[in-house]
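One structure is given here, and the rest of the page talks about it.
Number of protein chains: 2
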Amino acid sequence: MFEQLGLIGCGLMGGSFALALKRAGLVKRVVGYSKSPTTTEKARQMGVIDLAAPSALLAVAGADIVIVAVPVSATEATLKAIKHLVTPEMLIMDVGSTKTDVVAAARTALRDQIGSFVPAHPIAGKEVAGIEHADADLYRGKQVILTPLEKTLTVHLQKAAAVWGALGAQVLHMSPERHDAAFAAVSHLPHLLAFAFINGIAAQADGADYLALGGPGFRDFSRIAASDPKVWRDILLTNRDELLAQTRHFKAALSEFEAQLEAGQGEALESLIDRANQVRAPWRLAGPRPTK
Amino acid sequence: MFEQLGLIGCGLMGGSFALALKRAGLVKRVVGYSKSPTTTEKARQMGVIDLAAPSALLAVAGADIVIVAVPVSATEATLKAIKHLVTPEMLIMDVGSTKTDVVAAARTALRDQIGSFVPAHPIAGKEVAGIEHADADLYRGKQVILTPLEKTLTVHLQKAAAVWGALGAQVLHMSPERHDAAFAAVSHLPHLLAFAFINGIAAQADGADYLALGGPGFRDFSRIAASDPKVWRDILLTNRDELLAQTRHFKAALSEFEAQLEAGQGEALESLIDRANQVRAPWRLAGPRPTK
Numbered sequence: 001m002f003e004q005l006g007l008i009g010c011g012l013m014g015g016s017f018a019l020a021l022k023r024a025g026l027v028k029r030v031v032g033y034s035k036s037p038t039t040t041e042k043a044r045q046m047g048v049i050d051l052a053a054p055s056a057l058l059a060v061a062g063a064d065i066v067i068v069a070v071p072v073s074a075t076e077a078t079l080k081a082i083k084h085l086v087t088p089e090m091l092i093m094d095v096g097s098t099k100t101d102v103v104a105a106a107r108t109a110l111r112d113q114i115g116s117f118v119p120a121h122p123i124a125g126k127e128v129a130g131i132e133h134a135d136a137d138l139y140r141g142k143q144v145i146l147t148p149l150e151k152t153l154t155v156h157l158q159k160a161a162a163v164w165g166a167l168g169a170q171v172l173h174m175s176p177e178r179h180d181a182a183f184a185a186v187s188h189l190p191h192l193l194a195f196a197f198i199n200g201i202a203a204q205a206d207g208a209d210y211l212a213l214g215g216p217g218f219r220d221f222s223r224i225a226a227s228d229p230k231v232w233r234d235i236l237l238t239n240r241d242e243l244l245a246q247t248r249h250f251k252a253a254l255s256e257f258e259a260q261l262e263a264g265q266g267e268a269l270e271s272l273i274d275r276a277n278q279v280r281a282p283w284r285l286a287g288p289r290p291t292k
Numbered sequence: 001m002f003e004q005l006g007l008i009g010c011g012l013m014g015g016s017f018a019l020a021l022k023r024a025g026l027v028k029r030v031v032g033y034s035k036s037p038t039t040t041e042k043a044r045q046m047g048v049i050d051l052a053a054p055s056a057l058l059a060v061a062g063a064d065i066v067i068v069a070v071p072v073s074a075t076e077a078t079l080k081a082i083k084h085l086v087t088p089e090m091l092i093m094d095v096g097s098t099k100t101d102v103v104a105a106a107r108t109a110l111r112d113q114i115g116s117f118v119p120a121h122p123i124a125g126k127e128v129a130g131i132e133h134a135d136a137d138l139y140r141g142k143q144v145i146l147t148p149l150e151k152t153l154t155v156h157l158q159k160a161a162a163v164w165g166a167l168g169a170q171v172l173h174m175s176p177e178r179h180d181a182a183f184a185a186v187s188h189l190p191h192l193l194a195f196a197f198i199n200g201i202a203a204q205a206d207g208a209d210y211l212a213l214g215g216p217g218f219r220d221f222s223r224i225a226a227s228d229p230k231v232w233r234d235i236l237l238t239n240r241d242e243l244l245a246q247t248r249h250f251k252a253a254l255s256e257f258e259a260q261l262e263a264g265q266g267e268a269l270e271s272l273i274d275r276a277n278q279v280r281a282p283w284r285l286a287g288p289r290p291t292k
């Protein structure tokens, strides 16, 4: 399907994309670049990339598909750095967790080449970062959101949908604004809550003792608190308006629980828990979409 | 090791204990009782119990080990119901998630037979309840906290530790008060936060659409929001003072994040995330205990 993938950012997300594309037989060559030469070299040794490029620009030279897998705050600079070699035939995607800012960065950086760009957000990840955790199966059975601009060329949007579909992902289309509102709720907020949860315990004199007693519920609930600080600083800051709106919804819901606890109202408390149970129990990963 | 187990409450926790004890060859017979005859009959058909008793009292008759696996609010009534047939040779345990209240209930109900009682809290569970999910491996590799009273007979405490150890669990001893403070932090608080998190999203007009986009991070973070409403109503209410103290710690930690988000302070935000990452990344289930 593709001759050459230009991979910019040899980390978990980008490395997994390259591995998956190779394994599916969808690309002949992968040329990779990372800011750290050690990382690029590791990606080459692991067989994630075939050739190490000395710059982002040179990773793009001759590619018919490019994936920009850098922290969201570095998107604009990266796109500016490669603009000179972008062609109308080239499909360019990112993998960022926020989309309004990525779209704005792409408009500024790519200008007349913007038609090549298809903003993408694969809903996949691990709490560990780095090329050493790259996994050809990372995107299988997961959702990938594409948030095309008005000027995105249809041919690229279709290719983007086809390539993620071929990697086993379920592809959805959405506006960048709607994407960011939704992911503030289901991704950025739980990360924020998990970080605050751990910090709130660790700040207590007996916090370390308490933490040692955590069971499977604690393990799963707090897993995302181990996420990469730089990556998540960018995501939370970039989407802070939507995120702060979500913390208000959350705090209102928490206050309801606290009020019933303080009042000792067992029935009301049970009905609040039951509401959460009724919503969460039937939920499935990449399950059926609401009909609305 | 034991002749006869009296199982009161044929649910996930009690059923799993009976299955594990049988598989380990540690008991010859299991006599079971549940409030619902349908449940007792299902437990018999599944081979979790060998004989269905028509009352809690009769489930205890002739037993040398008894496990009371009922919602914590039913502990006192259950212990009162069996008291007449409790003997000094009998080991009685519960599996409740709170301990101060269970100890108080046991003192009131068992009086001069209190020496037989070893309060136990296995840190294990599933977000699904009921005998049909009983699992002989539920306690393997998990922690079990024993919170003995001053009058608990040493022989029973040792037997209790030995039996959980034989099922593959790691056994710890703790005071009931310390237990409840610790589990308010690492278990009851995350359940409360997960319930409020789901309710806060579900209350929004677009909540159902948002929820359909949740990924693996959402899945794990919110898994415990599907927990049993009656069981968790009891736990949260019973331990509400410690729990409300923990929500205060949590809200203070959350406010720190919100302040840095509002101020757009990337460095400070990153250092808050990094603090959570440093604590959570090396954490392991039933891992090494703090030396303090």
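Protein sequence lines, in the order shown, are assigned to chains A and B.
For the first sequence, full-length UniProt numbering begins at 1 and goes up steadily by one.
For the second sequence, full-length UniProt numbering begins at 1 and goes up steadily by one.
All residues carry an ideal CB built from backbone N, CA and C; glycine is no exception.
Please read all numbers here as calculations on a predicted model, not as lab measurements.
Q: Say whether chain A places a C-beta atom closer than 8 Å to the C-beta of Ile224 (chain B).
A: Numbered from its first residue, the second sequence carries residue 224 (chain B) at position 224. With its beta carbon less than 8 Å from one in chain A, Ile224 (chain B) belongs to the interface.
Q: Measure from the alpha carbon of His84 (chain B) to the alpha carbon of each residue in B:Trp283, B:Arg140, B:Ser55, then state which is nearest.
A: Taking the first residue of the second sequence as 1, we reach residue 84 (chain B) at position 84. If we check each option's Cα against that of His84 (chain B), B:Ser55 comes out closest.
Q. Does any C-beta atom of chain B lie closer than 8 Å to the C-beta of Ala263 (chain A)?
A. Looking up residue 263 (chain A) in the first sequence gives position 263. At a cut-off of 8 Å, the C-beta of Ala263 (chain A) has no neighbouring C-beta in chain B.
(Q) Can you find the residues in the same chain that come closer than 7 Å, C-beta to C-beta, to residue 293 (chain B), ignoring five residues on each side of it along the sequence? (A) Here chain B comprises residues numbered 1 to 292, so residue 293 (chain B) is not present and cannot be evaluated.
(Q) Is there a Cβ of chain A sitting closer than 8 Å to that of Lys292 (chain B), yes or no? (A) Stepping through the second sequence from its first residue, residue 292 (chain B) is reached at position 292. In this prediction, Lys292 (chain B) scores a pLDDT of 45, lower than 50, which makes its location untrustworthy; no coordinate-derived value is stated.
**Q.** For Met93 (chain A): DSSP bridge partner residues
**A.** The residue you call residue 93 (chain A) lines up with position 93 of the first sequence. For Met93 (chain A), DSSP records a beta bridge to A:Ile67, A:Val118.
Q. Which two residues bound the contiguous beta strand (DSSP E) that contains Val72 (chain A)?
A. Your numbering for residue 72 (chain A) matches position 72 in the first sequence. Premise fails: Val72 (chain A) is in no beta strand (DSSP E) and is neither H nor E.
Q. Once you ignore the five residues that flank Leu157 (chain A) on each side, which residues in its own chain have a CB closer than 7 Å to its CB?
A. Here residue 157 (chain A) refers to the residue found at position 157 of the first sequence. Once the five neighbours on either side are set aside, the close Cβ partners of Leu157 (chain A) are Val118, Leu146, Pro148.
**Q.** Supposed close pair His188 (chain B), Leu243 (chain B) - CB separation, criterion 8 Å
**A.** Residue mapping note: residue 188 (chain B) aligns to position 188 of the second sequence, counting from 1. Residue mapping note: residue 243 (chain B) aligns to position 243 of the second sequence, counting from 1. That belief holds up - the Cβ atoms of His188 (chain B) and Leu243 (chain B) are roughly 5 Å apart, short of 8 Å.
(Q) Can you tell me whether Arg284 (chain B) is helix, strand or coil according to DSSP? (A) Here residue 284 (chain B) refers to the residue found at position 284 of the second sequence. Here Arg284 (chain B) sits in coil by DSSP.
Q: Classify Tyr210 (chain A) as helix, strand or coil using the three-state DSSP reduction.
A: In the first sequence, counting from the first residue as 1, residue 210 (chain A) sits at position 210. In the three-state reduction of the DSSP assignment, Tyr210 (chain A) falls in the helix class, which pools H, G and I.
Q: Compute the Euclidean distance between the alpha carbons of Ser271 (chain A) and Arg223 (chain B), then round it to the nearest angstrom.
A: Position 271 of the first sequence, counting from 1, holds the residue named residue 271 (chain A). Position 223 of the second sequence, counting from 1, holds the residue named residue 223 (chain B). Pairing Ser271 (chain A) with Arg223 (chain B), the inter-Cα distance amounts to about 18 Å.
Q) How long is the line joining the alpha carbons of Ile8 (chain A) and Arg111 (chain A), rounded to whole angstroms? A) Residue mapping note: residue 8 (chain A) aligns to position 8 of the first sequence, counting from 1. Residue mapping note: residue 111 (chain A) aligns to position 111 of the first sequence, counting from 1. When rounded, the separation of the alpha-carbon atoms in Ile8 (chain A) and Arg111 (chain A) is 20 Å.
(Q) Less than 8 Å between CB atoms is the rule here; does Thr238 (chain B) satisfy it with respect to chain A? (A) Reading the second sequence from its first residue, position 238 is the one you call residue 238 (chain B). The beta carbon of Thr238 (chain B) sits no closer than 8 Å to any beta carbon of chain A.
Q.
DSSP three-state label for Gln265 (chain B), please.
A. Taking the first residue of the second sequence as 1, we reach residue 265 (chain B) at position 265. Coil at Gln265 (chain B), not helix or strand.
Q. So, helix, strand or coil for Val163 (chain B), using DSSP?
A. The count along the second sequence starts at 1 and reaches residue 163 (chain B) at position 163. Helix, per DSSP.
Q) Of the residues B:Met13, B:Arg23, B:Ala182, B:Arg29, which one's Cα is nearest the Cα of Lys99 (chain B)? A) Here residue 99 (chain B) refers to the residue found at position 99 of the second sequence. For the residues B:Met13, B:Arg23, B:Ala182, B:Arg29, the minimum Cα distance to Lys99 (chain B) belongs to B:Ala182.
Q. What residues match up with Gly217 (chain A) in a beta bridge as DSSP calls it?
A. For the purposes of this step, residue 217 (chain A) is taken as residue 217 along the first sequence, with counting starting at 1. Per DSSP, none; premise fails for Gly217 (chain A).
Q) Should the region 160–180 of chain A be regarded as contacting the region 10–30 of chain A, the criterion being three or more beta carbon pairs within less than 8 Å? A) Note that the region 160–180 of chain A touches the region 10–30 of chain A; at least 3 beta-carbon pairs, one per stretch, sit closer than 8 Å.
Q. Using DSSP with H/G/I as helix, E/B as strand and the rest coil, what is Gly6 (chain B)?
A. Counting from one through the second sequence, the residue named residue 6 (chain B) turns up at place 6. Note: Gly6 (chain B) maps to strand in three-state DSSP.
Q) Going by the CB atoms, is the gap between Leu211 (chain A) and Leu236 (chain B) shorter than 8 Å? A) The count along the second sequence starts at 1 and reaches residue 236 (chain B) at position 236. The count along the first sequence starts at 1 and reaches residue 211 (chain A) at position 211. No, these two residues do not count as a Cβ contact at 8 Å.
Q. In the DSSP assignment, what are the bridge partners of Leu146 (chain A)?
A. By one-based count along the first sequence, residue 146 (chain A) stands at place 146. Paired residue(s): A:Ala120, A:His173.
Q. By the 10 Å Cβ neighbour count, where 16 or more other Cβ atoms means buried, how is Gln4 (chain A) classified, buried or exposed?
A. Against the first sequence, residue 4 (chain A) aligns to sequence position 4. Per the 10 Å Cβ criterion, buried.
Q. When DSSP builds the beta bridges, which residues end up paired with Arg29 (chain B)?
A. Residue numbering aside, residue 29 (chain B) sits at position 29 when the second sequence is read from its first letter. In the DSSP secondary-structure assignment, Arg29 (chain B) is bridged to B:Gln4.
Q) Quick one, which of A:Ile123, A:Ala226, A:His173, A:Gly215 has its alpha-carbon nearest Leu193 (chain A)'s? A) Position 193 of the first sequence holds residue 193 (chain A). Of the candidates A:Ile123, A:Ala226, A:His173, A:Gly215, the one whose C-alpha sits nearest the C-alpha of Leu193 (chain A) is A:Ala226.
Q | Contact set between the region 96–119 of chain B and chain A, restricted to residues whose Cβ is under 8 Å from the partner | A | Those residues of the region 96–119 of chain B that come within reach of chain A (Cβ to Cβ, closer than 8 Å) do not exist; the list is empty.
Q: Determine the direct distance from the alpha carbon of Leu57 (chain A) to that of Gly200 (chain A), and round the result to whole angstroms.
A: Position 200 of the first sequence, counting from 1, holds the residue named residue 200 (chain A). Position 57 of the first sequence, counting from 1, holds the residue named residue 57 (chain A). For Gly200 (chain A) and Leu57 (chain A), the gap between their C-alpha atoms comes out near 44 Å.
(Q) Against chain A, with Cβ distances strictly below 8 Å, would Lys35 (chain B) count as a contact? (A) Locating residue 35 (chain B) in the second sequence gives position 35, counting from the first residue. It does not; no Cβ of chain A falls within 8 Å.
Q.
Taking a contact to mean a Cβ-Cβ separation below 8 Å, would you say Val103 (chain B) touches Val72 (chain B) in this structure?
A. Numbered from its first residue, the second sequence carries residue 103 (chain B) at position 103. Numbered from its first residue, the second sequence carries residue 72 (chain B) at position 72. In this structure, Val103 (chain B) sits away from Val72 (chain B), with a CB-CB distance that is not shorter than 8 Å.
Q: Have a look at B:Ala105, B:Asp206, B:Asp220 and flag the residue whose alpha-carbon is nearest the alpha-carbon of Glu281 (chain A).
A: Stepping through the first sequence from its first residue, residue 281 (chain A) is reached at position 281. Sequence check: residue 281 (chain A) is Ala here, not Glu. When only C-alpha atoms are compared, the closest one is B:Asp220.
Q) Across which residues does DSSP place residue 322 (chain B) in a beta bridge pair? A) What is shown of chain B runs 1 to 292, which leaves residue 322 (chain B) out entirely.
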